[in-house]
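Working notes for the structure below.
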Amino acid sequence: MLKRKLAILALICALVFGVVSGVFANGQQDGSGAMESVTLRLGHIYDPSHAWHKGAVKAAEIIAEKTEGRITMEIFPSSQLGTEPELLEQTLFGSVDICEAGAGQLGTLFKPINVLEMPYTFRDNAHVLAFAKSDIAATLFEDFRKEFGGKIVGVSSWGIRQLTSNKPINTPADLEGFKLRVPEQTICVAYGKAMGANPTPIAYSEAYMALQQSVVDGLENPMSSIKAMKFYEVQKYINLTKHVTNCTFFVMNDAKFNSFNMEDQKILTDAFSEASELIVELLNKDDQDLVAFFESEGLTINQPDIDAFVKATASMPLEFSDWWSAYGDDLHSRIQAIK
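Next up, the structure:
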């Protein structure tokens, strides 16, 4: 249903944009010919202490500085404007200008991008930034834009996922019968099963309560998110499985992006590029610094048998390869090989 709505909307936007493109060719202007001030609205689901919120703040500062206050950005954190699926839908329909959404969320609409959600695709956070600059990324993102009207203006890592629990998890066998909270996405459910767990899809904002009330036994998130969402308060172990390093995007309504002249478009994309690099810096720092914090809170940092988890999930790219076959059967391995 959403895809059909978006297809109709894309046609309408194309017609409208064709009429007004001449007006906007030199930027947004008022009746006197002076450049108008614009306030963009960006929504995301993360706590203000999270690296992705800090990245958004950085982008807003750069945009305001480079445009001398002509373009500003108001940021709505902590799911104020909706859940991640709701924010993406609002952005594509234009009621929100920009959102932060992960590859798994975009993958609910555009299946090929799920290749980025495969376990052990990225070596580390820096690998995500390298992928963002690749021809592979450019092709995937342009196809998403054409089909759904979402312009990906920034790409960064969401962090390296680790598994939290109230018992040590060393191999997939330790996850038998384990209720693992995962995002509400097909790939996440699939890798939860492949790892040996009983995956339970629950919204990010509801995950703490699910742990507290024993609806689930554990979850899997990067160190920064475990800290920001205070999951450490209701878990005893952090098991360093490193099973997924997520790609997350700054997605902008394409019609809104095209309402700016080329100079302003470059300011926007440059700002989100700098924000993306800051996010990786913050995530890397968290991965180093938070071990001591979690240990001080009484948690045990456990080193599992990663090779066992790699082996358990190794067949997933082949199982889902039909989703991205138009880009070549070797798409996943080509992404893994990016330096």
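FYI, the numbering for the sequence shown is -25 to -1, 1 to 314, going by mature numbering (1 follows the signal peptide of the UniProt record, and there is no 0).
All C-beta atoms in this analysis are idealised placements derived from N, C-alpha and C, irrespective of residue type, glycine included.
Since we're looking at a predicted model, the values are computed, not measured.
Considering just the uninterrupted stretch of the beta strand (DSSP E) at residue i, what are its terminal residues?
i, result
"W133", "125 to 135"
"I177", "No beta strand (DSSP E) contains I177, which DSSP labels as neither H nor E."
"I46", "46 to 51"
"M170", "From DSSP, M170 is part of no beta strand (DSSP E); its letter is neither H nor E."
"F232", "Run containing F232: none in the beta strand (DSSP E); it sits in the alpha helix (DSSP H), 229 to 232."
"L15", "13 to 18"
"I213", "212 to 214"
In chain order, what residues of the same chain have a beta carbon less than 6 Å from the beta carbon of residue i, not counting five sequence neighbours either side?
i, result
"A78", "I88, L91, E92, C222"
"F247", "A34, V128, G129, F225"
"V103", "F97, S132, C222"
"Q278", "L215"
"G167", "L155, V157, P174"
"S24", "A203"
"F(-2)", "With a pLDDT of only 42 at F(-2), under the threshold of 50, the placement of this residue in the model should not be trusted; the figure read from the coordinates follows. Cβ neighbours of F(-2) beyond the five flanking positions: S234."
Whose C-beta lies closer than 8 Å to the C-beta of residue i among residues of the same chain, with five residues either side of it excluded?
i, result
"I111", "Y302, L306, R309, I310, I313"
"P60", "Q80, T83, E159"
"D304", "S296"
"Q65", "G18, L56, G57, V71, C74"
Should residue i go down as buried or exposed, given a rule of 16 or more other Cβ atoms within 10 Å for buried?
i, result
"G(-4)", "Interpretation of G(-4) is limited by its pLDDT of 40, a score under 50 that renders its predicted location unreliable; the figure taken from the coordinates is listed afterwards. G(-4) is exposed by the Cβ-count criterion."
"G8", "For G8, the predicted model reports a pLDDT of 46, less than 50, meaning its position is unreliable; a value from the coordinates is still stated below. Its Cβ having fewer than 16 others within 10 Å, G8 is exposed."
"T96", "buried"
"S300", "exposed"
"E75", "buried"
"L186", "buried"
"L243", "buried"
"G124", "buried"
"P94", "buried"
"D262", "buried"
What do you reckon, are the CB atoms on residue i and residue j nearer than 8 Å?
i, j, result
"S70", "I20", "no"
"T146", "A289", "no"
"S140", "Y212", "yes"
"F51", "R16", "yes"
"L257", "K86", "no"
"K241", "I281", "no"
"A26", "S180", "no"
"E195", "R136", "yes"
Would residue i pass as an interface residue toward chain B - the criterion being a Cβ-Cβ separation below 8 Å?
i, result
"P197", "Of the protein chains in the structure, only one exists, and it is not chain B."
Please report the residue range of the alpha helix (DSSP H) in which residue i lies.
i, result
"A34", "26 to 41"
"T66", "59 to 68"
"I201", "198 to 203"
"Y183", "182 to 187"
"G79", "78 to 81"
For residue i, which residues in the same chain have their Cβ closer than 7 Å to its Cβ, ignoring the five residues on either side in sequence?
i, result
"A165", "M291"
"E294", "none"
"A101", "V255"
Is there at least one non-hydrogen atom of the ligand FAD closer than 7 Å to the beta-carbon of residue i?
i, result
"I88", "This structure simply doesn't include the ligand FAD, nor any ligand for that matter."
Length at least 3, wholly inside the region 236 to 295: the beta strand (DSSP E) runs in chain order: Correct list: 275 to 277.
Counting only runs that start and end within the region 83 to 163, where is the alpha helix (DSSP H) found for 4 or more residues in a row? As summarised for the region 83 to 163, the continuous alpha helix (DSSP H) elements at least 4 residues long and confined to that stretch are 100 to 107, 110 to 123, given in chain order.
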